[in-house]
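What follows is a single structure, written as structure tokens, with notes after it.
Residue numbers (the numbering used here): 551 to 893.
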């Protein structure tokens, strides 16, 4: 196990259930999730075998032991929203260096489905309870906590086809931006056919608000779809998108590079090349934003040797560009020199 810890799995389960510190509970839960992902990574090509996954996790990290405790503590939405949130793929990569990021992403998906199956009764009951008690919108802490937990649970449930319809319902019944975005995110996660229709409605409702539309661009940019690069090109032609606008660039291209694991880290390196091509154009428009968005390419150290080579190849392409800005040159050249020193 690559995760460094001083507790056994059983002790971590005890911390979650018995600690008087909410932070300790959260930290223990994050460790359990990471250990489960590490366990799944050792299965190699068996991540599509749900029965095998269930069997292995039941032996190694028996989350089922937390079912009753979760059920008894759903009255604390601020805590449960945090405990039911798995670490991101990017965070997991930092804990599991050298693992392939797409394998981590696949293992994270498999773990999510496993957890939904285990906790399904309490999750669906809690979601319906939270949804049925929606009061007139008010920015009050208990409502904020309830909306957050409802969103977290929804994003878990839609991993099962049975519950994918909930995303559209959540969106349709929303009377606030948090619930609206939670519904859209759930539809995006489940790759629901209604996602584009929902996004079109959101765009029609909020086209006048350029700040809100940043959320729209980010949701499109982080969608898991085979034609994501073509989609990014189309979105750059949107009437309110402009490479001159740093917020729009960060919302679209930054979101893709930082948070679209499957798209940016495509096996053939096409995601790396796409961002590099864009940075070559952006550098002369806004060098500071370009230097920010190149960051994921300079984090090659955490990746497999093949990915490292692909990423550094694109960094070298940037260095070959004439009149590269000082901001971008300093960051890219330092990263390439570090790679060459290690190879």
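We put the CB at the ideal spot given by N, CA and C, even for glycine.
Count the other CB atoms within 10 Å of the CB of residue i; is the residue buried (16 or more) or exposed (fewer)?
{"i": "residue 767", "result": "buried"}
{"i": "residue 722", "result": "exposed"}
{"i": "residue 552", "result": "Because the pLDDT of residue 552 is 48, which lies under 50, any placement of that residue in the model is unreliable, and the number read from its coordinates should be weighed accordingly. Classification for residue 552: exposed."}
{"i": "residue 504", "result": "Outside the shown range of the chain, which is 551 to 893, sits residue 504, and nothing can be said about it."}
{"i": "residue 893", "result": "exposed"}
{"i": "residue 590", "result": "buried"}
{"i": "residue 876", "result": "exposed"}
{"i": "residue 592", "result": "exposed"}
{"i": "residue 817", "result": "exposed"}
{"i": "residue 953", "result": "The structure shown does not extend to residue 953, since the chain is modelled only from 551 through 893, so no value can be given for it."}
{"i": "residue 826", "result": "buried"}
Mind reading off the beta-carbon distance from residue i to residue j? Whole number of angstroms is fine, and I expect it under 8 Å.
{"i": "residue 559", "j": "residue 628", "result": "With 8 Å as the limit, residue 559 and residue 628 do not qualify as a contact, their Cβ atoms being about 26 Å apart."}
{"i": "residue 634", "j": "residue 702", "result": "5 Å"}
{"i": "residue 850", "j": "residue 791", "result": "Actually they do not touch by this definition, with Cβ atoms about 29 Å apart."}
{"i": "residue 725", "j": "residue 744", "result": "Residue 725 to residue 744, Cβ: 19 Å. No contact."}
For residue i, which option in the options has the closest C-alpha, if you only look at C-alpha atoms?
{"i": "residue 902", "options": "706, 639, 655, 643", "result": "This structure gives no information on residue 902, because the portion of the chain shown stretches from 551 to 893."}
{"i": "residue 728", "options": "704, 713, 746", "result": "704"}
{"i": "residue 857", "options": "843, 823, 783, 775", "result": "823"}
{"i": "residue 815", "options": "575, 563, 643, 579", "result": "643"}
{"i": "residue 608", "options": "574, 572, 680, 661", "result": "661"}
{"i": "residue 769", "options": "626, 810, 789", "result": "810"}
{"i": "residue 601", "options": "739, 887, 668", "result": "668"}
{"i": "residue 650", "options": "853, 730, 779", "result": "853"}
{"i": "residue 672", "options": "616, 835, 698, 647", "result": "616"}
{"i": "residue 573", "options": "603, 630, 596", "result": "630"}
{"i": "residue 749", "options": "758, 765, 780, 599", "result": "765"}
{"i": "residue 699", "options": "657, 653, 626, 885", "result": "626"}
{"i": "residue 665", "options": "638, 697, 709, 681", "result": "709"}
{"i": "residue 821", "options": "632, 656, 777", "result": "777"}
{"i": "residue 647", "options": "693, 618, 584", "result": "584"}
Comparing the CB of residue i with every heavy atom of the ligand SAM, is any distance shorter than 7 Å?
{"i": "residue 693", "result": "Inclusion of the ligand SAM in the displayed structure is not the case, the ligand content being empty and no account of it being possible."}
Residue i lies in the alpha helix (DSSP H); which residues open and close that run?
{"i": "residue 613", "result": "Element bounds for residue 613: n/a, residue is neither H nor E."}
{"i": "residue 677", "result": "651-682"}
{"i": "residue 892", "result": "876-892"}
{"i": "residue 811", "result": "811-814"}
{"i": "residue 579", "result": "572-591"}
{"i": "residue 744", "result": "No alpha helix (DSSP H) holds residue 744; DSSP gives it neither H nor E."}
{"i": "residue 868", "result": "855-870"}
{"i": "residue 709", "result": "Neither: residue 709 is in no alpha helix (DSSP H) and is coded neither H nor E."}
{"i": "residue 766", "result": "760-771"}
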